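*Asks:* Shown below is the structure under consideration.
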Amino acid sequence: MADFESIAKQFVEFYYKTFDENRANLIALYRPQSMLSFEAQAFQGAQAIIEKIQSLPFQKVAHRVDTLDSQPSSETGAILVLVTGALLVDGQERPMSYTQAFQLHPEAGTYFVFNDVFRLVYPAA
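Each residue of the sequence shown is one higher than the last, beginning at 1 in the UniProt record's numbering.
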């Protein structure tokens, strides 16, 4: 497994575990220049991103990752990560499908989320 793949896998495991247990702690993964696109709404900066994530209308969430793809995306060591999966909110029985893409940028021996794009995926009519 290439190094970028193991970094992407570790990141995804950490991100969704943290999201499911205490969303506020995700702030450490974002920087002032980070951007989130959530269902076509854009939020820039760690504080704005965390405010959006914390404002989501559910108390309990469980993410399931079905696919994880990653690629090196620049000569500076950035990594592109694409996730598909399902999530259950507040004990609902029917999961909702989602896709999420992350652009991870290296910083002092670790990575931060430069770009984050999230979409729910609805069944075709």
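Don't be surprised by glycine CBs; every beta carbon is placed ideally from N, CA and C. What you are looking at is a predicted structure, and each value in this text was computed from that prediction instead of being measured.
DSSP three-state call for T110: helix, strand or coil?
*Replies:* Along the sequence shown, one-based indexing puts residue 110 at 110. T110: strand per DSSP, three-state reduction.
*Asks:* Under 8 Å between the Cβ atoms of L56 and V113?
*Replies:* Here residue 56 refers to the residue found at position 56 when the sequence shown is read from its first residue. Here residue 113 refers to the residue found at position 113 when the sequence shown is read from its first residue. Cβ atoms of L56 and V113: not closer than 8 Å.
*Asks:* Considering just the uninterrupted stretch of the alpha helix (DSSP H) at Q47, what are its terminal residues?
*Replies:* If you number the sequence shown from 1, residue 47 lands on position 47. Where Q47 is concerned, the enclosing alpha helix (DSSP H) stretches over 46-55.
*Asks:* Taking S6 as part of the alpha helix (DSSP H), name the residues at either end of that continuous run.
*Replies:* On the sequence shown, residue 6 is found 6 positions in, with the first residue counted as 1. Element bounds for S6: 3-21.
*Asks:* Is the beta carbon of D66 less than 8 Å from the beta carbon of A86?
*Replies:* The residue you call residue 66 lines up with position 66 of the sequence shown. The residue you call residue 86 lines up with position 86 of the sequence shown. Cβ atoms of D66 and A86: closer than 8 Å.
*Asks:* Let me make sure I understand the geometry here. Which of E93, Y122, R31, R94 has the alpha-carbon closest to that of Q103?
*Replies:* Within the sequence shown, residue 103 is the residue found at index 103, counting from 1. Its Cα nearest to that of Q103, the residue R31 stands out among E93, Y122, R31, R94.
*Asks:* Just verifying my parser: in three-state terms, what is the DSSP assignment at A42?
*Replies:* For this step, residue 42 is matched to residue 42 along the sequence shown. A42 falls in the strand class under three-state DSSP.
*Asks:* Nearest-angstrom Cα distance between Q20 and A125?
*Replies:* On the sequence shown, position 20 is the one that residue 20 refers to. On the sequence shown, position 125 is the one that residue 125 refers to. The residue asked about is misnamed: residue 20 is Asp in this sequence, not Gln. Cα to Cα, the separation comes out at about 30 Å.
*Asks:* So what does P72 bridge to, in DSSP terms?
*Replies:* On the sequence shown, residue 72 is found 72 positions in, with the first residue counted as 1. Answer by DSSP bridge pairing, in chain order: I79.
*Asks:* Looking at the structure shown, is A62 part of a helix, part of a strand, or coil, going by DSSP?
*Replies:* Sequence index remark: in the sequence shown, residue 62 carries index 62 (1-based). In this structure, A62 counts as strand in the three-state DSSP scheme.
*Asks:* So Q59 and D90 are supposed to be a Cβ contact under 8 Å. How far apart are they, rounded?
*Replies:* By one-based count along the sequence shown, residue 59 stands at place 59. By one-based count along the sequence shown, residue 90 stands at place 90. Right, the Cβ-Cβ distance comes to about 6 Å (below 8 Å), so this counts as a contact.
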